[in-house]
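Under this note's numbering, think of the first position of the sequence shown as 24, with each following residue one higher.
A virtual CB, placed ideally from N, CA and C, is assigned to each residue, including glycine.
Computed from a predicted model, the values in this text were never measured in an experiment.
Below: the structure, in structure tokens.
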Amino acid sequence: MRIFTLLLSLLLFIMAVPVRGETEAERIKKKVTKTIDIRRQTQKKEDKWASQKAELKAEYQSLKSRLEQLKKQKEKTQKILALQKGRVEELKRKLTESVKVRDELYSHMDGWVMRLETWISRDLPFLPEERKKRLASIKEMMADPGIESAEKFRRVMEALQVETEYGSTVEVYQDTIKVNGQPTLVNIFRLGRLTLFYQTPDRKDVGCYNRATGKWEALPGKYRHDIDLAVEMASKQRPIDLIKLPIGRIVP
């Protein structure tokens, strides 16, 4: 600013010089005017640069603040990713354990089904069709990969429970058996898993299943009355009472 004032004073001094020095003065005036124009342009550029500098500084501060925010967000994201990775690893571990448990469970269930099949084949021949059908259904289910492990376990346990309960229950049902080689329709009385008795519908003939021979055998008439009573009690046609039934070796 002081330079500008000095140049302006010089210009005024030159303009006051007599006319006889006009040519020289004019030349000096032009130089001074040019210098002033250059100064003005320089000042404008400086002002413009100062404005741009302020804008750039503000933008820099904004970017710096944004960078700090992004750093914090990155740290937060990394922590979240670390937690998620830990959870994924935990889920993988649990999945591996689950698969191992499932395979072990399948192995146990296959063993249970095999023992159930052996049990039925060596058991008294009561409800043969119903029990064979149940066993076949269990085998088919075990071979189906679309059925969940929990459902397989439930149904296998249910079948085992049904078979177990046969040992503590009695029942009467009709079936056709072979007596002396002849197909005969009879009422079968099941006494738990101890033994099976039969009674013809006319109540004239009675008999039992012989485990040793694997055949149905007729019993002497003296057992007819007690077997009649047993059939009636199992059918809930008579109150429970004490009776004598031939269990074990039959004496004629």
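Around the beta carbon of Gln-222, 16 or more other beta carbons lie within 10 angstroms, which makes this residue buried. Our two residues, Phe-149 and Leu-118, have alpha carbons roughly 44 Å apart in a direct line.
Between Arg-178 and Val-193, the gap from beta carbon to beta carbon reaches 8 Å or more. By the neighbour-count definition (other C-beta atoms within 10 Å, threshold 16), Gly-215 is an exposed residue. In this structure, Met-164 sits away from Asp-133, with a CB-CB distance that is not shorter than 8 Å. The Cβ neighbour count for Leu-93, taken over all protein chains shown within 10 Å, is under 16; the residue is labelled exposed. The three-state secondary structure of Asp-264, taken from DSSP, is coil. Selection Asp-225, Glu-140 and Ala-253 evaluated against Lys-162 yields Glu-140 as nearest (Cα-Cα). Listed in chain order, the non-local C-beta contacts of Asn-210 below 8 Å within the same chain comprise Val-195, Tyr-196, Gln-197, Tyr-221, Gln-222, Thr-223, Pro-224 and Val-254, local neighbours out to five positions each way being set aside. Three or more Cβ pairs closer than 8 Å define a contact, and the segment 198 to 209 meets that threshold against the segment 231 to 244. In terms of Cβ geometry, Leu-252 and Ile-270 do not form a close pair [threshold 8 Å]. Looking from the CA of Thr-218, the closest CA among Ser-121, Asn-233, Pro-206 and Gly-244 belongs to Asn-233. Arg-154 carries a helical assignment under DSSP once its states are collapsed to helix, strand and coil. When secondary structure is reduced to three states using DSSP, Leu-242 falls in the coil class, being assigned neither helix nor strand.
Look at Ile-250 here: in three-state DSSP terms it is helix. With respect to the 8 Å criterion, Arg-125 and Ser-191 are not classified as neighbours on the basis of their beta carbons. Just so you know, the alpha carbons of Ser-144 and Glu-152 end up roughly 12 Å apart. Where Phe-212 is concerned, the enclosing beta strand (DSSP E) starts and stops at 205 to 214.
Pairing Thr-207 with Trp-135, the inter-Cα distance amounts to about 35 Å.
Rounded to whole angstroms, the gap between the alpha carbons of Arg-261 and Ile-250 is 13 Å.
Just so you know, the alpha carbons of Ser-121 and Arg-154 end up roughly 32 Å apart.
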